[in-house]
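Below: one structure, written as C-alpha cells.
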Amino acid sequence: MSKLADLVILGATGTTGRQATRFLAAHPEHSKRWTLALAARSKEKLEKMASELSLPQSIRLVVINADDEAAVTELVKQTRVVLNTVGPYAKYGTTVVKACVYNGIHYVDLSGDTFRIRQLIQEYHSEATKTGSIIVNACGFYSLPSDISVYIANKTLRSVNPSLETARSITAITAKGILSSATLESMILVQKLPETVKRDMEREYCLSPSGRTIIGGGGSTGKPSRAIVHRSWGLFEQAASLGKSYSTRYGPSLVYEECLETGGTWSALALSAFIGLFSWSLGILPLRWLLRKVVPGDGSITDKQLEGGHFRSVNVTTSAPTSSHPEGVKVTVTFTGRGDPGYLLSSIFMAECALVLLDTESLSDLAKQGGILTPATAGGDELVKRLQENERLSLVCEMGNRNIESRKSL
C-alpha cells in the first residue's frame, strides 16, 4: 500500500488540530525530512482551512470519520505517526489507538483521562510491545510539563553523581488559558463513571507497572499528572531492573506532589473550594447544561485569545541523602510557555512528541520496545531538545543548596 504521508493529523479542522497544522506546515523540517496529511470529517472545512492557512498542495487532505474503524485502519496503514486531536478521547480515541497498535504505527494525543489510559495499558500495552507501536497520551498541558520537568531534574541529579536517587519532587503551576469544550466533556464523562472506577483512578500508582513508590498531589492538574509521572517512574524502574536504561531511573522511593500556585493561604483555600464546587457541578444535569453554554465552542476561539494565555511550572526535586550530600541535592526546573496552554501550547507539545517518534534513530532503547508510554519515556532527551529550541517555550534548570550552586543549560 502506498504511503499517504509520514504524519497525519486527525481532527485537523478543530481548534487544536488547526494550531498543530499551522505549526507543522511551517516547520523547517516539513517536506525535507517528513510529509504531512490532514484528516477530518468535513471536506469543506478542510479545504477552507487549507486556503486560510495558505497550505502547500503537497499536504494531502482526507475526509474520514474517527469512529469508522475500517476507514481509520486504512488511513493508519498509510502513515508512520498519527496525531489525534478528536475528543473526547474516551469516546473517539480507542478506535484509532487499536488500529495503530495492531499495525505497528505510532500515536500521540492530549488525553489526560486516567481511567482511559489505564484501559489502554490493560488492553494494548502488551500487543504494542510486540508490534513496536509507540502510544503516547497526555502530550499536552496535561501532563507534559510535569513529566518532562521531573525527567530533567533526575538527569541533572545524575550528572552530579550517577548514584544519586530522586527522593522528593513537587511541581507548582500557574496558568492563564481557556477551558476547552473537549476538556469539559472529558470531565463530565469522568463524573458519570461508577464510584468504584473513580476511586480506582485515584490510587497512587494506578498507571505504573510497579507499585512501591508513594505519590501525592493536588490541584486540577495534580491527579492526572502524578499518574503520568508515576508511570514514567515505573517504566524507568522496570527497565533498570532488566539491566537497561539505568541512567534514567529515578530511584525506588520517589514522592511526587503537584499543586496550583496561589498568592497565599486564603487564595489557596478559595481555589480549593472553587475546584470542589466545579467538580460537584459536573454531576448536576442543569449545571452541566449551563457549563456547556458558557464554555466557548471549538470554532469560536480567536487567535487573539490563544495568544493571550501563558503558563509557568516550577519543579523542585531533591535527591535522597548520601554521605557526600547529607542534605540531598536540590534541582529546580522552571518551564514557561507563551500562549494558551490548553489549545496553542498543547498542540505544539503534541506535535513535538510526534516528530520525535518520526526520528527513529533518536529513540531510546525503552521507546524502541513500543508500548503505552509517556512523554518522558518516549521522548527523552530528544523531546527536551526540541522543546528547548521552540521560541514559545523556556526550560531553565538550576542546582542549589549549601554544597552546590550552579545553573545548568539544557
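The sequence shown begins at 282 in our numbering and counts up one residue at a time. C-beta: ideal position from N, C-alpha, C; glycine also.
Just the C-alpha distance for residue i and residue j, rounded to the nearest angstrom, thanks.
i, j, result
"residue 616", "residue 676", "5 Å"
"residue 652", "residue 518", "15 Å"
"residue 374", "residue 291", "10 Å"
"residue 323", "residue 430", "38 Å"
"residue 506", "residue 338", "39 Å"
"residue 388", "residue 416", "5 Å"
"residue 346", "residue 418", "21 Å"
"residue 602", "residue 611", "11 Å"
"residue 658", "residue 648", "7 Å"
"residue 495", "residue 333", "Unreliable positioning characterises residue 495 in this predicted model, as indicated by a pLDDT of 38, which lies under 50. A coordinate reading is not provided."
"residue 678", "residue 385", "36 Å"
"residue 286", "residue 355", "13 Å"
"residue 529", "residue 597", "18 Å"
"residue 531", "residue 654", "16 Å"
"residue 663", "residue 293", "25 Å"
"residue 434", "residue 581", "39 Å"
"residue 555", "residue 674", "In this prediction, residue 555 scores a pLDDT of 47, lower than 50, which makes its location untrustworthy; the coordinate-derived value is nonetheless stated afterwards. When rounded, the distance between both Cα atoms is 29 Å."
"residue 453", "residue 425", "14 Å"
"residue 394", "residue 378", "14 Å"
"residue 350", "residue 403", "20 Å"
"residue 348", "residue 437", "43 Å"
"residue 696", "residue 504", "Nothing can be reported for residue 696: it is not among the residues displayed for the chain, which extend from 282 to 691."
"residue 590", "residue 523", "43 Å"
For residue i, which residues from the same chain have a beta carbon less than 6 Å from its beta carbon, with the 5 sequence-adjacent residues on both sides left out?
i, result
"residue 297", "366, 624, 628"
"residue 645", "661"
"residue 289", "318, 320, 360, 363"
"residue 432", "657"
"residue 422", "622, 623, 627"
"residue 283", "none"
"residue 516", "658"
"residue 592", "456, 618, 622"
"residue 704", "Residue 704 cannot be examined here, being either before or after the span of the chain that is shown, 282 to 691."
"residue 306", "336"
Between residue i and the rest of its own chain, which residues show a CB-CB distance below 8 Å, the 5 nearest in sequence each way excluded?
i, result
"residue 331", "319, 340, 342"
"residue 300", "587, 624, 625, 628, 629"
Specify, as a first and last residue, the run of the alpha helix (DSSP H) that residue i falls within.
i, result
"residue 406", "395-412"
"residue 457", "Counting along the chain, residue 457 falls outside any alpha helix (DSSP H), though it belongs to the beta strand (DSSP E) covering 447-457."
"residue 418", "First-last for residue 418: undefined, no H or E at that position."
"residue 284", "Here residue 284 belongs to no alpha helix (DSSP H), and DSSP marks it neither H nor E."
"residue 584", "584-588"
Cα-Cα, which of the options is closest to residue i?
i, options, result
"residue 714", "426, 431, 441", "The chain is shown only over 282 to 691; residue 714 falls outside these bounds and no answer can be derived."
"residue 667", "655, 643, 650", "643"
"residue 308", "541, 671, 618, 344", "671"
"residue 607", "458, 673, 446", "446"
"residue 380", "521, 405, 541", "405"
"residue 370", "391, 435, 358, 444", "391"
"residue 521", "490, 409, 349", "490"
"residue 508", "299, 396, 586", "396"
"residue 408", "383, 399, 425, 427", "383"
"residue 537", "357, 592, 582, 427", "427"
"residue 444", "400, 600, 541, 591", "600"
"residue 344", "311, 328, 358", "328"
"residue 584", "681, 680, 592, 458", "458"
"residue 398", "336, 412, 372", "372"
"residue 400", "614, 311, 613, 376", "376"
"residue 680", "439, 456, 636, 510", "439"
"residue 411", "516, 669, 650", "650"
"residue 310", "637, 665, 669", "637"
"residue 336", "350, 357, 352, 302", "302"
"residue 450", "641, 594, 618, 669", "594"
"residue 226", "590, 665, 348, 352", "Nothing can be reported for residue 226: it is not among the residues displayed for the chain, which extend from 282 to 691."
Residue i lies in the beta strand (DSSP E); which residues open and close that run?
i, result
"residue 298", "Not the beta strand (DSSP E): residue 298 falls in the alpha helix (DSSP H), residues 296-306."
"residue 313", "Unbroken run through residue 313: none, as it is neither H nor E."
"residue 439", "First-last for residue 439: 425-441, but that is the alpha helix (DSSP H), not the beta strand (DSSP E)."
"residue 523", "Taken as a continuous stretch (DSSP letters only), residue 523 belongs to no beta strand (DSSP E), as it is neither H nor E."
"residue 675", "674-681"
"residue 325", "Counting along the chain, residue 325 falls outside any beta strand (DSSP E), though it belongs to the alpha helix (DSSP H) covering 324-333."
"residue 541", "536-541"
"residue 597", "591-600"
"residue 603", "It is not in any beta strand (DSSP E) - residue 603 carries neither H nor E in the DSSP assignment."
Cutting at 7 Å between CB atoms, please list the residues of its own chain near residue i, excluding the five before and the five after it.
i, result
"residue 304", "628, 629, 632"
"residue 315", "287, 288, 639"
"residue 588", "620"
"residue 326", "294"
"residue 420", "389, 390, 391, 630, 631, 634, 656"
"residue 609", "448, 599, 600, 601, 602"
"residue 413", "385, 651"
"residue 357", "363, 380, 381, 384, 386"
TODO: Identify every run of the beta strand (DSSP E) within the segment 337-388, keeping only runs that are complete inside it and at least 3 residues long; order them along the chain.
DONE: Here the runs fully enclosed are 341-344, 362-365.
Open item on the list: Please give me, in chain order, every unbroken run of the alpha helix (DSSP H) with length at least 4 that falls completely inside the segment 637-665.
Closed with: Those alpha helix (DSSP H) runs which fall completely within the segment 637-665 and span 4+ residues are 646-649.
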